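Number of protein chains: 2
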Amino acid sequence: MGATKTEHFTDKQNEIALLTKALGHPARIAIVEYLISANNCICGDIVNELPLAQPTVSQHLKELKNADLIKGTIEGNAICYCINEKSIEKIIDYFLKIATKLKNKQCC
Amino acid sequence: MGATKTEHFTDKQNEIALLTKALGHPARIAIVEYLISANNCICGDIVNELPLAQPTVSQHLKELKNADLIKGTIEGNAICYCINEKSIEKIIDYFLKIATKLKNKQCC
DNA sequence: TTTGTATATTGCAATATTACGATAAAAATC
DNA sequence: GATTTTTATCGTAATATTGCAATATACAAA
Chain L
196 MGATKTEHFT DKQNEIALLT KALGHPARIA IVEYLISANN CICGDIVNEL
246 PLAQPTVSQH LKELKNADLI KGTIEGNAIC YCINEKSIEK IIDYFLKIAT
296 KLKNKQCC
Chain F
196 MGATKTEHFT DKQNEIALLT KALGHPARIA IVEYLISANN CICGDIVNEL
246 PLAQPTVSQH LKELKNADLI KGTIEGNAIC YCINEKSIEK IIDYFLKIAT
296 KLKNKQCC
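Structural data, given as structure tokens:
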């Protein structure tokens, strides 16, 4: 089929899955890393940093935006992107909780 | 095409992308949550916990195993699964570093 | 040895993702 | 206004993912 059965899972499960799915591609990880490489937001130039064609990069940026992982503001004929800190925190919080629960567990 | 161009990215980028990709499905998030719900490893019964057919669950377990996120040991005719703490820590470490770098940044 | 239980594999259909060329849109610059 | 620069969208091909029925495998118990 190819379509995910989201309706059977909780909102939280779907939310975390959407965030991790959006990060589940090396190009999108590379974009995130580039966006934190400077002290300000990154205006333009993202395409030149990646080994992919411009439409492909644009598509990856769109997916990160859809997952609310990055924000883009139009600045002249360039677009300034930065990471949405809140979404990163959501990921950290979620997996920290899991790690905490794992401390009290014994694996066979 | 559909095939990811992994060869253009760093090992670390590919590693994180593989981990997040494996977690990028609500069923696999639900499996992880079920595996931390008890104090021991979970032996059998995973299929009954999910709203999906047995082959589908088996496939999701396989993907989590391939990403080294869970470990399974055969115990009679059941299989005992538990989470690989190290992989969860890898995720936490990676995104904590990103969050730290974000603290020193100003978004436009 | 047969039966039951738990999990894996195979094969397939439906859909999603990845990637890119061509083209469009929007703004700056000449 | 024409040109350049930057990003988005469209269309399309190749491949991947999701999900399940059917079947296989492996072990336990009767």
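Taken in sequence, the protein lines are chains L and F. To get the numbering used here, take the position in the first sequence, counting from 1, and add 195. To get the numbering used here, take the position in the second sequence, counting from 1, and add 195. Ideal Cβ placement from N, Cα and C applies to all residues, glycine included. Treat the numbers as computed from the prediction; the structure is a model and nothing was measured.
Beta-carbon contacts of residue i that lie in its chain and below 8 angstroms, excluding the five residues immediately before and after
i: L/Lys216; result: Ala262
i: F/Ile283; result: Leu264
i: F/Ala222; result: Leu245, Leu247, Thr251, Val252 and His255
Backbone secondary structure at residue i - three-state DSSP
i: L/Thr199; result: coil
i: F/Ala310; result: Nothing can be reported for residue 310 of chain F, as the shown portion of chain F is limited to 196 through 303.
i: L/Ile241; result: helix
i: F/Ile211; result: helix
i: L/Ile278; result: strand
i: L/Lys285; result: helix
i: L/Ile265; result: strand
i: L/Leu297; result: helix
i: L/His255; result: helix
i: L/Ala233; result: coil
i: L/Ala248; result: coil
i: F/Leu218; result: coil
i: L/Phe204; result: coil
Between the CA atoms of residue j and residue i - distance to the nearest angstrom
i: L/Leu259; j: F/Ile293; result: 15 angstroms
i: L/Asn234; j: L/Leu218; result: 22 angstroms
i: F/Glu280; j: L/Asp288; result: 16 angstroms
i: L/Lys257; j: F/Ala212; result: 17 angstroms
i: F/Cys214; j: L/Lys207; result: The question names Cys, but residue 214 of chain F is Leu in the sequence shown. Spanning the two alpha carbons is a distance of roughly 19 angstroms.
Close-in-space but distant-in-sequence residues of the same chain around residue i (CB under 7 angstroms, 5 per side omitted)
i: F/Asn209; result: Thr201
Cβ-Cβ separation, residue j to residue i (assumed contact under 8 angstroms), whole Å
i: L/Ile231; j: F/Lys300; result: 7 angstroms
i: F/Cys302; j: L/Cys236; result: 5 angstroms
Beta-carbon proximity list for residue i, same chain, < 6 angstroms, skipping 5 on both sides
i: L/Gln249; result: Val242
i: F/Cys238; result: Glu270, Ala273 and Cys275
i: F/Ile278; result: Leu230 and Ile265
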